[in-house]
Amino acid sequence: MTSLVLTITETLRYRGKLGQWAWALHRVSGFGTVVFLIMHVIDTSWATFYPELYVKAVDAYKTPLFTVGEFALVACVVYHALNGFRIALFDYRPQWWRRQEDAAKLVLLGTLVLLVPAFFIMTGHVVNYYNERVSAFDLGLEKVVEATAPFAVGTVVVIGLALIVSAGASLIPALNAPKKRLKGSKMETFMWSFMRISGILIIPLVFGHLAMMHLIQGVFDITRVGHVPVFTNLGPNMNETLTAVNFVRLRWDTMLAGVYIWRVYDILLLFLVTLHGFNGLRYIINDYIHNRLVNRALRIASFGTMIGVILVGALAILQSVPATTAEMLSEASRAIEMSINSGILVR
Amino acid sequence: MQATIRIRRFNPEKDKKPYWATYTLQDCEPTNRVLELLHRIKWEIDGTLTLRRSCAQGICGSDAMRINGRNRLACKVLLQEFGENPKIQVEPILGLPVIKDLVVDMEPFFAHYRAVMPYLVNDSPPPIGPDGKPRERLQSPEARARYDDTTKCILCAACTTSCPSFWANGAYVGPAAIVQAHRFIFDDRDQLLQERLDVLADPDGVWRCRTVYNCTPACPRGIQVTQAIGEVKRAIRAGKRDY
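Protein chains in written order, with the working numbering: chain A, 8 to 354; chain B, 453 to 695.
Okay, here's the thing in structure tokens:
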């Protein structure tokens, strides 16, 4: 922790150029996005597993505090995406370093150019919502607490368990041998490339996701009567009783050219963003937490949470595949199996 | 011309923690260097002020310190840069243990330097000259130019101690060690390429660099430090010198 405090105070004191501030913003925005990601994936999975909890979560998302958080989130994602592109570019073309400061300025400008219209549209959603509301303005603090408390408790429990595991691991001598010399790590080398390549792949996916879920329609539209979720092709008749759960189903069940387009899209986004985000978290842990026991505990906790988020997210998307489709798929595979057995098809 | 200098001072035998001391000097010239002001304070005001310097010509790399918030060599900074009646703040470089006042323990820094094997390794017999005797290994001007920039390093630690990754975690080998490794990785006479790349692909090697670019402007020799680190990363991923 002292190393984190030192880095923060000295980053503020050292007269580094723009690159230093770009790095600091990149860390903060990335960390903020990961924290939201954990909550968002688990909340959305409830649309499949515990529909009534999902309805509650979306209700909490509409409270003013979450609205402020949504603006901050969009700002974080946009900055992180553009600055990440800059870092990847200069990492692959180190000889262009003279232009990095200009690039950092362009990133700030680009963030502003994207955020001004985005915030304008998002403000429009907020204003509409409060205009249509009949009930009095409500800060909804208890909803916010109800929506976030399980995550706070979960974080404490997961870190507590990880500390126990880590304490157990510290009894194994092989895991605690001091490092003798520097040795190449294939994993670290791979992750370095993965961070850059996944980051670039994520940019179009996440911008599309932001456009669909925060701009063209907002969180307030999820339960708006008569609202047809954008880029879905299932009739509006279902929407007359649009619930949050229904909204998710309308999206995921939409087919384009025989493919559940939004299921594929969301799974891709889920895998890339989760792996990218949690590896970033690992970097932060290894940079600032040096106590062996705590460092290992946090890495275990973060790895476990990553696996959990991916599993829960992927299962929610796959388990909600309509029964008829699942039957069709298994029938098709049976047919293929039979034709192979009868010699019509050669494996 | 009057100059005011604030110095971060610390005497482990007396002080619990570092403190700021302010000194005012008269009759300064715009062409005075910060090092000369520190000398005057030590010689005329307080003989206990402790600092390191050797050549005072920007070559030996002994007097790297944080001057007005940035890592510089005290012997290369002229007062005229700070305008009329300058106010200057001087503190030790960050990330290495302070021994006294502006003197830090450079041992962790040199340990990282040694870890990258900063010497040419070539076990093949030397070429034979026209006179039938062994002679030096010749190198083309182009091959020599490939690593020219990183031969300029004077190991002053200004780059390494400007890096937020190094502040956070002293296990990181740091920019200076990578610059020194670059000098041998891209030298085509060297035979230790794979071992060098292996050392730097350690989690505490180049991968701790987050491309912050603090090291490049910190270098008093104008070495393109971040570019050198970037080139080493590319060589590691390609597994060869000419990626």
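Glycine included, each C-beta is placed from N, C-alpha and C at the ideal position.
>> Using C-beta distances below 7 Å, list every residue in its chain close to residue 558 (chain B), excluding the 5 sequence neighbours before and after it, in chain order.
In response: Cβ contact annotation for residue 558 (chain B) (same chain, cutoff 7 Å, sequence separation greater than five): 548 and 609, in chain order.
>> Am I right that residue 22 (chain A) and residue 521 (chain B) are in contact with their C-beta atoms under 8 Å? What's the rounded C-beta distance?
In response: That belief holds up - the Cβ atoms of residue 22 (chain A) and residue 521 (chain B) are roughly 3 Å apart, short of 8 Å.
> DSSP three-state call for residue 262 (chain A): helix, strand or coil?
Replying inline: Residue state, collapsed to three classes: strand.
> Can you tell me the Cα-Cα spacing of residue 43 (chain A) and residue 238 (chain A), whole angstroms?
Replying inline: Rounded to whole angstroms, residue 43 (chain A) to residue 238 (chain A) spans 24 Å at the Cα level.
>> Could you check whether the segment 281 to 299 of chain A touches the segment 141 to 154 of chain A, counting it as contact only if at least three pairs of C-beta atoms, one from each stretch, sit closer than 8 Å?
In response: Touching, no.
>> Within 9 Å of any Cβ in chain A, is that where the Cβ of residue 552 (chain B) sits?
In response: No, residue 552 (chain B) does not count as interfacial toward chain A.
> Taking any Cβ of chain A, which residues in the segment 599 to 620 of chain B have a Cβ under 8 Å from it, in chain order?
Replying inline: From the segment 599 to 620 of chain B, only 614, 616, 617, 619 and 620 have a Cβ closer than 8 Å to chain A.
> What's the call for residue 624 (chain B), buried or exposed, on a 16-neighbour Cβ count within 10 Å?
Replying inline: Burial check for residue 624 (chain B): the Cβ neighbour count within 10 Å reaches 16 or more, so the residue is buried.
> Is the CB-CB distance between residue 602 (chain B) and residue 631 (chain B) below 9 Å?
Replying inline: Between residue 602 (chain B) and residue 631 (chain B), the C-beta gap is smaller than 9 Å, which places the two residues in contact.
> Rounded to the nearest angstrom, how far is the Cβ of residue 147 (chain A) from that of residue 70 (chain A), given a contact under 8 Å?
Replying inline: Separation of the CB atoms of residue 147 (chain A) and residue 70 (chain A) is rounded to 3 Å, and the pair is thereby assigned contact status at 8 Å.
>> Just to confirm the assignment, what range does the beta strand (DSSP E) spanning residue 624 (chain B) have?
In response: Where residue 624 (chain B) is concerned, there is no enclosing beta strand (DSSP E), because DSSP gives it neither an H nor an E.
> Which whole-angstrom value is the C-beta distance of residue 565 (chain B) and residue 607 (chain B), which I expect to be below 8 Å?
Replying inline: Indeed they touch by this definition, with Cβ atoms about 7 Å apart.
> Taking the continuous alpha helix (DSSP H) assigned at residue 288 (chain A), which residues delimit it?
Replying inline: 268 to 295 is the extent of the alpha helix (DSSP H) around residue 288 (chain A).
> On the three-pair Cβ rule with 8 Å, is the segment 256 to 275 of chain A touching the segment 323 to 335 of chain A?
Replying inline: The segment 256 to 275 of chain A, when compared against the segment 323 to 335 of chain A, does touch it at the 8 Å Cβ threshold.
> Taking Cβ positions only, does residue 246 (chain A) come closer than 9 Å to chain B?
Replying inline: With a pLDDT of only 48 at residue 246 (chain A), under 50, the local geometry of the prediction cannot be trusted, and the value read off the model is given with reservation. Chain B contact via Cβ: absent.
>> Can you confirm whether the segment 482 to 500 of chain B touches the segment 639 to 651 of chain B when touching is taken to mean that 3 or more C-beta pairs between the two stretches lie within less than 8 Å?
In response: A contact is defined here as three or more CB-CB pairs under 8 Å, and the segment 639 to 651 of chain B fails this definition with respect to the segment 482 to 500 of chain B.
> What in chain B is Cβ-close to residue 112 (chain A), meaning under 9 Å?
Replying inline: For residue 112 (chain A), no chain B residue has a C-beta closer than 9 Å to its own C-beta; the minimum C-beta separation is roughly 13 Å.
>> For residue 76 (chain A) and residue 230 (chain A), I'd like the C-alpha separation in whole angstroms.
In response: About 20 Å.
>> In chain order, what are the residue ranges of uninterrupted beta strand (DSSP E) at least 3 long that sit wholly in the segment 83 to 163 of chain A?
In response: Those beta strand (DSSP E) runs which fall completely within the segment 83 to 163 of chain A and span 3+ residues do not exist here.
> Does residue 679 (chain B) get closer than 9 Å to chain A when you measure Cβ to Cβ?
Replying inline: It does; some Cβ of chain A falls within 9 Å.
> For residue 556 (chain B), which beta-bridge partners are listed by DSSP?
Replying inline: Bridge partners of residue 556 (chain B): B:550.
> Cα separation between residue 678 (chain B) and residue 611 (chain B)?
Replying inline: Answer to the nearest angstrom: the Cα atoms are 10 Å apart.
>> Measuring straight from C-alpha to C-alpha, what distance separates residue 18 (chain A) and residue 285 (chain A)?
In response: For residue 18 (chain A) and residue 285 (chain A), the distance between alpha carbons rounds to 24 Å.
> Can you tell which of A:200, A:205, A:15 and A:84 has its C-alpha closest to the C-alpha of residue 618 (chain B)?
Replying inline: Considering only alpha carbons, the answer is A:15.
> Using a Cβ-Cβ cut-off of 7 Å (strictly less than) and excluding sequence neighbours within five positions of residue 275 (chain A), which residues of its own chain qualify?
Replying inline: 212, listed in sequence order.
>> Is the separation between the beta-carbon of residue 8 (chain A) and that of residue 295 (chain A) shorter than 9 Å?
In response: Taking a C-beta distance under 9 Å as the contact criterion, residue 8 (chain A) and residue 295 (chain A) qualify as a contact pair.
> Using a beta-carbon distance below 9 Å, is residue 521 (chain B) in contact with chain A?
Replying inline: Interface residue, yes.
>> Strictly below 8 Å CB to CB, what residues from chain B border residue 109 (chain A)?
In response: The contacting residues do not exist; residue 109 (chain A) stays about 12 Å from chain B at best.
> Does the Cβ-Cβ distance between residue 633 (chain B) and residue 573 (chain B) come in under 9 Å?
Replying inline: In this structure, residue 573 (chain B) does not lie closer than 9 Å to residue 633 (chain B) by Cβ.
> Is residue 269 (chain A) close to chain B, meaning its C-beta is less than 9 Å from at least one C-beta of that chain?
Replying inline: Cβ-Cβ to chain B under 9 Å: no for residue 269 (chain A).
> Counting along the chain, where does the beta strand (DSSP E) carrying residue 459 (chain B) start and finish?
Replying inline: Taken as a continuous stretch (DSSP letters only), the beta strand (DSSP E) holding residue 459 (chain B) covers 455 to 461.
>> Our contact map puts residue 277 (chain A) next to residue 225 (chain A) with C-beta atoms below 8 Å; I'd like the distance itself, whole angstroms only.
In response: That belief does not hold up - the Cβ atoms of residue 277 (chain A) and residue 225 (chain A) are roughly 21 Å apart, past 8 Å.
> Which chain B residues are close to residue 355 (chain A), counting only those with a beta carbon under 9 Å from its beta carbon?
Replying inline: Outside the displayed span of chain A (8 to 354) sits residue 355 (chain A), for which this structure offers no information.
> What residues from the segment 180 to 210 of chain A come within 9 Å of chain B, judged by C-beta to C-beta, listed N to C?
Replying inline: Going along the segment 180 to 210 of chain A in chain order, one finds 186, 188, 189, 190, 191, 192, 193, 194, 195, 196, 198, 199 and 200 with a Cβ nearer than 9 Å to chain B.
>> Using a Cβ-Cβ distance cut-off of 9 Å, determine whether residue 367 (chain A) contacts chain B.
In response: Past the boundaries of the shown model lies residue 367 (chain A); chain A is included only from 8 to 354, so the question cannot be answered.
> If you count every other CB in all the chains shown that lies within 10 Å of the CB of residue 26 (chain A), and 16 or more means buried, which is it?
Replying inline: With a 10 Å radius around the Cβ and a threshold of 16 neighbouring Cβ atoms, residue 26 (chain A) comes out buried.
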